[in-house]
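Comments concern the structure below.
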Amino acid sequence: MQHEALRVAVLGPGGVGGLLAALLARAGNSVLVLAAETTARAITEHGIEVESSRFGNFLARPDAAVRLEGHVDACLITVKATQLNEALERVPADVVGDALVVPFLNGIDHVDVLRRTFPSENVAAATIRIEVARIEPGLVRHASPFAAVEISTAVARPERVERLASQLRATGLDVRVRDDETAMLWDKLVLLAPIALLTTHERANVGVVRTRRHDDAVAAISEVAATARAEGAAIDTEAVLQIFDSIPDSMESSMQRDQAAGRPLELDAIGGTVVRRAARAGVPVPVTARLVEELRQRK
Ligand SMILES: NC(=O)c1ccc[n+]([C@@H]2O[C@H](COP(=O)([O-])OP(=O)(O)OC[C@H]3O[C@@H](n4cnc5c(N)ncnc54)[C@H](OP(=O)(O)O)[C@@H]3O)[C@@H](O)[C@H]2O)c1
């Protein structure tokens, strides 16, 4: 069923946020991106240009501002974990009001941060599997064909989640609504964390990691899967290892690219959280802990 158009705010119009904002605006939704002054001005003046093999090349013209001032139906959170606290000042809880808050950050801990900031039942956890980069303010490049979103109804009311899911689906994204939030978040992290940690540690792509660090990769995947299971997510380690073996050699992680560019790493959100959660559950994760610690020292 096609739902009516929504008013959507997007906090952080970078790779993920810029693409989602542009797709939702092109599909007829009223979109407001929230960004720092220079980025907001660039998008007001020039719009968001998308270059995508899947969605085509197009220009979208969402509104842009530095702070949310009026009512929206949904607020998508698309900054990096390292930017979250500062960025949230642009979306005061009293203005966000009863809007659905949907974060697309990698990791898990941000969901609790948002549930402490906004009414808990308005926060719907989500994941996105995509490879998209912000080239400059207002220009995003989406090169690989996959673009899949999952949103959970575990806490937020299903009909509200479905309304947003329907609009996202109408843009051409693959969208799945799930009721198992914990498993949904771990499904993503169980492969992402080992790949991000190892490609960043090795300063090399997945192909090189698979050759040089195969034992560490198997160990890290097994450790993260055991931690996920301790939190109630039914993760099949063998299935994850098979996916790991089938990833193209050339794949790089965004943490690896952030390191190469000298940007802050989402190390705590992606790796630190596994180590903390494992310790809490009494699961030994020596390889993951060593990778996180060595990357922390390197910063
Ligand atoms: N990119 C991917 O392919 C991908 C895939 C799956 C998941 N993710 C996850 O999605 C999240 C976002 O990643 P990304 O790659 O889209 O990051 P990104 O391209 O760096 O975009 C982040 C955006 O947030 C903005 N921002 C930073 N601080 C802000 C603040 N205080 N107020 C408002 N806006 C602020 C940045 O603004 P400026 O433009 O002004 O710098 C930028 O537009 C991360 O957790 C990442 O792990 C990314």
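The sequence shown runs 3 to 301 under the working numbering.
A virtual CB, placed ideally from N, CA and C, is assigned to each residue, including glycine.
Thinking just about the alpha-carbon of each residue, which of Ile223, Ala172 and Ala167 is nearest to the one in serine 189? Going by the sequence as given, residue 189 is aspartate instead of serine. Per the Cα distances, Ile223.
Rank Asn124, Glu6 and Thr129 by C-alpha distance to the C-alpha of alanine 158 and give the top, closest one. Checking every option, the nearest Cα to that of alanine 158 belongs to Asn124.
Compute the beta-carbon to beta-carbon distance between valine 97 and glutamate 71, rounded to the nearest angstrom, for a pair I have assumed lies under 8 Å. The pair is a contact, with the Cβ atoms about 7 Å apart (cut-off 8 Å).
Helix, strand or coil, according to DSSP, for serine 224 in the structure here? When DSSP states are grouped into helix, strand and coil, serine 224 belongs to the helix group.
For arginine 300, which residues in the same chain have their Cβ closer than 7 Å to its Cβ, ignoring the five residues on either side in sequence? Contacts found: none.
Cα separation between serine 59 and glutamate 233? Reading off the sequence, residue 59 comes out as asparagine, not serine. So the alpha carbons of these two residues sit roughly 42 Å apart.
Within its chain, find whatever has a CB closer than 6 Å to the CB of glutamate 183; leave out the 5 residues flanking it on each side and keep chain order. Residues of the same chain with a CB within less than 6 Å of the CB of glutamate 183, apart from the 5 flanking positions on each side, are Ala127, Ser154 and Ala156 in chain order.
The stretch 12 to 23 in contact with the stretch 133 to 152 per 3-pair CB rule at 8 Å: In this structure the stretch 12 to 23 touches the stretch 133 to 152; the number of beta carbon pairs closer than 8 Å is three or more.
Our contact map puts threonine 275 next to isoleucine 110 with C-beta atoms below 8 Å; I'd like the distance itself, whole angstroms only. That belief holds up - the Cβ atoms of threonine 275 and isoleucine 110 are roughly 6 Å apart, short of 8 Å.
Indicate, with yes or no, if ligand 1 has a heavy atom lying under 7 Å from the CB of isoleucine 130. Indeed, a heavy atom of ligand 1 lies less than 7 Å from the Cβ.
Assuming contact is defined by CB atoms lying nearer than 8 Å, are leucine 175 and valine 208 in contact in what I supplied? Cβ atoms of leucine 175 and valine 208: not closer than 8 Å.
Where threonine 202 and glycine 264 are concerned, what is the direct C-alpha to C-alpha distance, given to the nearest angstrom? So the alpha carbons of these two residues sit roughly 12 Å apart.
What is the rounded straight-line gap between the Cα of valine 211 and the Cα of alanine 271? The straight-line gap from Cα to Cα measures roughly 21 Å.
For a test of your reading of the model: does the CB of glutamate 88 fall under 7 Å from any non-hydrogen atom of ligand 1? Yes or no. For glutamate 88, the shortest C-beta to heavy atom distance toward ligand 1 is below 7 Å.
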